[in-house]
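Chemist: Please see the structure below; I have some questions.
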Amino acid sequence: MPDSAPPAFEIHSGITLKGQLSMAKDVLVTGKFEGDLQTLGCLTVAPGAIMVGTIRAGGLVLKPGNRVEARVTVSVAPPPDAESSTDGDQPLLSGWKRGFQKLRELAMGRA
Numbered sequence: 016m017p018d019s020a021p022p023a024f025e026i027h028s029g030i031t032l033k034g035q036l037s038m039a040k041d042v043l044v045t046g047k048f049e050g051d052l053q054t055l056g057c058l059t060v061a062p063g064a065i066m067v068g069t070i071r072a073g074g075l076v077l078k079p080g081n082r083v084e085a086r087v088t089v090s091v092a093p094p095p096d097a098e099s100s101t102d103g104d105q106p107l108l109s110g111w112k113r114g115f116q117k118l119r120e121l122a123m124g125r126a
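Residue numbers for the sequence shown follow my numbering, beginning at 16 and rising by one.
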């Protein structure tokens, strides 16, 4: 059953965001982003969206009708510099695990 939850962060159409964005959750771009974007979650670039710069994401979905001019790295494993919090909880790593689980479900036709 597909996850119908909205993305954690959206760059809306009509908005241009320039700079660095780094987060652990999914990102949806319907507007324009220029710069470095890093997410442990899945990045979705919607129709009409523009991405320019560097992308590092746990997953990537490119919908038809967008423009992407970027150096792209997609990885289902946590980066070597991912750190856990001091209380033993590992929110960044758990995001990667969820991303990997979604990818596995898609590959097996269960999503």
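By construction, the Cβ of each residue, glycine as well, lies at the ideal position given by its N, Cα and C atoms.
How big is the Cα-Cα spacing for Gln53 and Ala85?
Modeler: So the alpha carbons of these two residues sit roughly 12 Å apart.
Chemist: Quick check on Gly29: buried or exposed, where buried means 16 or more other Cβ atoms within 10 Å of its Cβ?
Modeler: Label assigned to Gly29: exposed.
Chemist: At which residues does the beta strand (DSSP E) containing Asp41 begin and terminate?
Modeler: Per DSSP, Asp41 belongs to no beta strand (DSSP E) and is neither H nor E.
Chemist: Classify Phe24 as helix, strand or coil using the three-state DSSP reduction.
Modeler: Looking at Phe24 - three-state DSSP - the assignment turns out to be strand.
Chemist: For Glu49 and Leu58, what's the separation of their Cα atoms in angstroms?
Modeler: Whole-angstrom Cα-Cα distance: 14 Å.
Chemist: Quick one: is Lys78 near chain C, going by C-beta distance under 9 Å?
Modeler: Absence of chain C from the displayed structure is noted, only one protein chain being present.
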